[in-house]
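Quick notes on the structure that follows.
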Amino acid sequence: MRVGLAPALAGMLAFVLASGAAGGERPGDLSEADFLDDLPVVLSATRLRQPLSETPAAITVIDRQMIRDSGAWDVADLFRLVPGMYVAYNVDREIVPGHVVSYHGIADPYAKRMQILIDGRTVYTPLFGGPVWSNIPLALDDIERIEVVRGPNAASYGANSFLGVINVITRDPAETRGDHLSLAAGKPGADVTWRHGGGTENSDYRLTLQWRDDRGYTQTPTKLSNGRSVHPRHDDKEIHNLALRSSHRLGARDELQFHLGYSGGTREAGEAGNPYLPFHEKDVRSQFEMLQWQRSFAPDHQLSLRFFHSRDTFRQDLRGMIGTTAFAAFTLGAPAPLDRPLSHVAERYDLELQHVFSPSADTRLVWGAGARLDQAKSALYFASSDFRRFRQANTFANLEWRPHAAWLLNLGTMVENNDFAGTRASPRLGVNFHVADGHTLRAIASRAWRNPVIYEQQGDARWRFPVVAPLPFAGQVLPFQYLYGRDNLRPERIDSREIGYVVELGQGGSLDFKVSRDRLRDLIEMYEFRCGAAQMALPQCAGTTPGTDVRLFENRSALQVDAYEVQWQQRLWQRTQVHVAWASTRVRLAGAAVEEEYEHASPRHSWSLLLAHQFPGNWRASLAGYYMKALEAIGGHAVPAYRRWDLRLAHSFRLGSVAAEAALVAQNVHDSGDREFYRDNVFGRRLWAGLKLDF
């Protein structure tokens, strides 16, 4: 299947072009009118345009106004508004500082079990999996809306759509002509964003440049309740972003879109006052290029072909840190491979064909196929400077069938073949029943998979410390810790069952209830054992000496996740908007589960609130609240429950022909010192002011 995919794609493309006479759907940008209906129209559930009452999934929509009202400093902070979503700041514990974002809290620092899309492009680091949120060239002001699918969606977007999908749609360049300047400064840091939009009769473009000086979280020493001191973390980031999106109409039916992005800068790391983790810097860069061609045969018949490439690089030199007196005394000498500058590179090449049409008056069908190459290299994690590769091919389809005015069925599947897991299918069946006007019952059954990432499957990290004089056996090399991938890892599996009920409340308001049970198995985990004399004959102990610690990845745990969620969105009295999200999640061990920390990895209860009101005189005020019960994050620490309140006050005015908005934002106004993911990730009170100009 993998070898012959390119000719197959070409053949399918030729077939569709030759046959193009019946209906389909354009999967591009939705119009503003779609969001003035009783319920928003979304694309993320099946790749078809569907109102929320007809999707085979529970979906949260975060629009432009909600983004402004929330007072969020960065993109990841927005997902605190989603029922059941776990969001936490992760201060420089892994490759780069950033956020942990995952549904139902089953997350590690990389959030490998979530699919992140920006304008249809997956944002994913093949080396470890998941996105690096601080390294995405995406300005908040460029976002049109965000659609969050709360539940498995591999039938539409593939294996890593395991727990959910976050789909970010940026603004159409045709709607952003002119210049936009955004300035913000305060305790979180400073941000300058400039956007220019222009075009001709048949083309539009948008160019965004952003500079951000992010001051991170912990700035001052803090005492925990147990008396432990938390040192200030070096987690500042200087970020330079560039994003370009353009569209070109090539006639009455064809359109060509081009997307390009770059993010780069330095990230601080280390812990002030800790001689074993002194200050050092990391150079982190990301870039992508995407080209998409679209042909519209009719308003309901569309064909598209998309290709993109993305590249992430991480560079750091730890030799200066290792050379400090305290560190050298602890490690005996500079350990290999940290005795030279380190570089990690990860790339993705992706090609996809998609065709949407209506086979009959009561059906719609989307189908397509794709091919992907992931590759990564790292002397630290693969004990080699060669690329490790992962190849995948897939085909997908979703049929929407309306057998009766009150019934709607969605049947979809994705079939994937890859180097690590062979061939797997991810089916989904969704049934929506319109009980009465404005009342819809939905039932969903689905299966999804998560493939091992390259590091889990082929990792080979060997830490060796040279023995230095005056210690005995000077010149010898002491194996300290090895980490190996496992070629026989199975993909993780989730079987999900869900019942939901949607009530339309008018003026775009809705009330959404969801009850779900997910069964997860074959979760990939790292475990550690020591190579004693009795274990030296084992393959994983080859090349070590007795006493060496070895870490391995293995399919180990099985879980059952029961969740209850409520989401209410409403416009009141024309001037007030309210968004309320509540979730109760219970994680239990099942079957062969061996990691008890999973039971505490998700908050038992959580809620969020966003309340905004438009006052006379062009003043707008908003209040955001977040609550989460205590939990113990996977790969993190046990952290207590937290409650946070944010305020935003904005005033819109004009300076001649320039439209302006000035805003003041306060996060965590009661300064509770909440902690996220790790005990030393202390979130204090943060204040900043912002000014936006459109001219």
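Using the numbering used here, the first residue of the sequence shown is number 29, and each one after it goes up by one.
Glycine residues also receive a C-beta, built at the ideal position from the N, C-alpha and C atoms.
Problem set entry | Candidates L168, Q695, G186, of which the one nearest W222 by Cα | Here residue 222 corresponds to residue number 194 of the sequence shown, with the count starting at 1. Taking only the C-alpha atoms, the option nearest W222 is L168.
Exercise. Can the beta-carbon of V103 be found less than 9 Å from the beta-carbon of V196?
Worked result: Within the sequence shown, the letter at position 75 stands for residue 103. Within the sequence shown, the letter at position 168 stands for residue 196. A contact, by the Cβ cut-off of 9 Å.
Exercise. Between which two residues does the beta strand (DSSP E) containing G404 stretch?
Worked result: Position 376 of the sequence shown holds residue 404. Note that residue 404 is Ala in the sequence shown, not Gly. Note, A404: beta strand (DSSP E), 391 to 406.
Exercise. Are R682 and G653 touching if we call contact CB-CB under 9 Å?
Worked result: Mapped onto the sequence shown, residue 682 falls at position 654. Mapped onto the sequence shown, residue 653 falls at position 625. Result no, Cβ atoms of R682 and G653 do not sit closer than 9 Å.
Exercise. Should G157 go down as buried or exposed, given a rule of 16 or more other Cβ atoms within 10 Å for buried?
Worked result: Numbered from 1 along the sequence shown, position 129 holds the residue referred to as residue 157. Buried, since its Cβ has 16 or more Cβ neighbours within 10 Å.
Problem set entry | Option in S413, Q485, F190 with minimal Cα separation from P154 | By 1-based counting over the sequence shown, the position of residue 154 is 126. Relative to P154, the option among S413, Q485, F190 whose CA is nearest is Q485.
Problem set entry | Simplified DSSP state of A471, which is helix, strand or coil | The residue given as residue 471 occupies position 443 in the sequence shown. Residue state, collapsed to three classes: strand.
Problem set entry | the region 539 to 551 in contact with the region 574 to 592 per 3-pair CB rule at 8 Å | They touch, by the three-pair rule.
Exercise. Where do the N-terminal and C-terminal ends of the alpha helix (DSSP H) with S72 fall, by residue?
Worked result: As a working mapping, residue 72 is identified with position 44 in the sequence shown. Looking at the DSSP string, S72 is not in any alpha helix (DSSP H), and its letter there is neither H nor E.
Exercise. Taking the continuous alpha helix (DSSP H) assigned at Y483, which residues delimit it?
Worked result: As a position in the sequence shown, residue 483 is number 455, starting the count at 1. For Y483, the enclosing alpha helix (DSSP H) covers residues 482 to 486.
Exercise. Under a three-way DSSP split, which group does M94 fall into?
Worked result: By one-based count along the sequence shown, residue 94 stands at place 66. Looking at M94 - three-state DSSP - the assignment turns out to be helix.
Exercise. Taking the alpha-carbon positions, what's the R173 to A73 distance?
Worked result: In the sequence shown, the residue the question calls residue 173 occupies position 145. In the sequence shown, the residue the question calls residue 73 occupies position 45. When rounded, the distance between both Cα atoms is 15 Å.
Exercise. Taking the alpha-carbon positions, what's the R199 to D170 distance?
Worked result: Locating residue 199 in the sequence shown gives position 171, counting from the first residue. Locating residue 170 in the sequence shown gives position 142, counting from the first residue. In a straight line, the C-alpha of R199 is about 6 Å away from that of D170.
For this session: Starting from Y24, follow the alpha helix (DSSP H) in both directions and report where the run begins and ends.
Result: Look at the range of the chain in this structure, 29 to 723, and you will see that residue 24 is not part of it.
Exercise. By the 10 Å Cβ neighbour count, where 16 or more other Cβ atoms means buried, how is E375 classified, buried or exposed?
Worked result: What you label residue 375 is simply residue 347 of the sequence shown in a count that begins at 1. Here E375 is buried: its Cβ has 16 or more other Cβ atoms, across all protein chains shown, within 10 Å.
For this session: Select from Y529, W610, P84 the residue whose C-alpha is nearest the C-alpha of A464.
Result: For this step, residue 464 is matched to residue 436 along the sequence shown. Among Y529, W610, P84, the Cα nearest to that of A464 is on Y529.
Exercise. Looking at K405 and V443, is the spacing between their C-beta atoms short of 9 Å?
Worked result: The residue you call residue 443 lines up with position 415 of the sequence shown. The residue you call residue 405 lines up with position 377 of the sequence shown. No, these two residues do not count as a Cβ contact at 9 Å.
Exercise. Hey, quick one: how far does the alpha helix (DSSP H) through S275 stretch, first residue to last?
Worked result: Looking up residue 275 in the sequence shown gives position 247. Per DSSP, S275 is not a residue of any alpha helix (DSSP H); the beta strand (DSSP E) it occupies stretches across 265 to 277.
For this session: Please determine, among T341, V129, L109, L106, the residue with the shortest C-alpha to C-alpha distance to A116.
Result: Locating residue 116 in the sequence shown gives position 88, where the first residue counts as 1. Nearest option by C-alpha distance: V129.
For this session: In the DSSP assignment, find the alpha helix (DSSP H) that holds Y626 and state where it starts and stops.
Result: By one-based count along the sequence shown, residue 626 stands at place 598. Annotation: Y626 is outside any alpha helix (DSSP H) and is labelled neither H nor E by DSSP.
Exercise. Can at least three beta-carbon pairs, one atom from the region 564 to 576 and one from the region 131 to 150, be found at a separation below 8 Å?
Worked result: With contact defined as three or more Cβ pairs closer than 8 Å, the region 564 to 576 and the region 131 to 150 are not in contact.
Exercise. In the structure shown, what three-state DSSP assignment does A300 receive?
Worked result: By 1-based counting over the sequence shown, the position of residue 300 is 272. Coil.
Problem set entry | Backbone CA spacing between G126 and R416 [nearest angstrom] | What you label residue 126 is simply residue 98 of the sequence shown in a count that begins at 1. What you label residue 416 is simply residue 388 of the sequence shown in a count that begins at 1. Each residue's CA atom was taken as its position, placing G126 and R416 some 25 Å apart.
For this session: Report buried or exposed for Q695, applying the criterion of at least 16 other Cβ atoms within 10 angstroms of its Cβ.
Result: As a first step, residue 695 is located in the sequence shown; it is residue number 667 there, counting from the start. Q695 is classed as buried because its beta carbon has at least 16 other beta carbons within 10 Å across all chains shown.
Exercise. Which of the three DSSP states, helix, strand or coil, is assigned to E380?
Worked result: Translated into the one-based positions of the sequence shown, residue 380 becomes position 352. In this structure, E380 counts as strand in the three-state DSSP scheme.
For this session: Tell me whether the beta-carbon of G186 lies closer than 9 Å to the beta-carbon of S524.
Result: The residue given as residue 186 occupies position 158 in the sequence shown. The residue given as residue 524 occupies position 496 in the sequence shown. Their beta carbons are not under 9 Å apart, which means G186 does not touch S524 by this criterion.
Problem set entry | For A182, the first and last residue of its enclosing alpha helix (DSSP H) | The count along the sequence shown starts at 1 and reaches residue 182 at position 154. Residues 182 to 185.
Problem set entry | Cβ separation of N446 and F424, assumed to be a contact under 8 Å, to the nearest whole Å | As a working note, residue 446 is residue 418 in the sequence shown. As a working note, residue 424 is residue 396 in the sequence shown. Not really, about 14 Å apart at Cβ, beyond 8 Å.
Exercise. Any idea what DSSP makes of N479, helix, strand or coil?
Worked result: The residue you call residue 479 lines up with position 451 of the sequence shown. Note: N479 maps to coil in three-state DSSP.
Exercise. With 16 as the cutoff for other CB atoms within 10 Å, does H262 come out buried or exposed?
Worked result: What you label residue 262 is simply residue 234 of the sequence shown in a count that begins at 1. With 16 or more Cβ atoms within 10 Å of its Cβ, H262 is classed as buried.
For this session: List the whole-angstrom C-beta distance separating G225 from R205, where the pair is believed to meet the contact cut-off of C-beta under 8 Å.
Result: Here the question's residue 225 lines up with position 197 in the sequence shown. Here the question's residue 205 lines up with position 177 in the sequence shown. Rounded, the Cβ-Cβ distance is 4 Å, consistent with contact.
Problem set entry | Beta-carbon proximity check, L715 vs L692, cutoff 9 Å | As a position in the sequence shown, residue 715 is number 687, starting the count at 1. As a position in the sequence shown, residue 692 is number 664, starting the count at 1. For L715 and L692, yes; Cβs fall inside 9 Å.
Exercise. With I609 and Q598 assumed to form a contact (beta carbons below 8 Å), what rounded beta-carbon distance in angstroms separates them?
Worked result: Position 581 of the sequence shown, counting from 1, holds the residue named residue 609. Position 570 of the sequence shown, counting from 1, holds the residue named residue 598. For the record, residue 609 in the displayed sequence is Ala; it is not Ile. A609 to Q598, Cβ: 13 Å. No contact.
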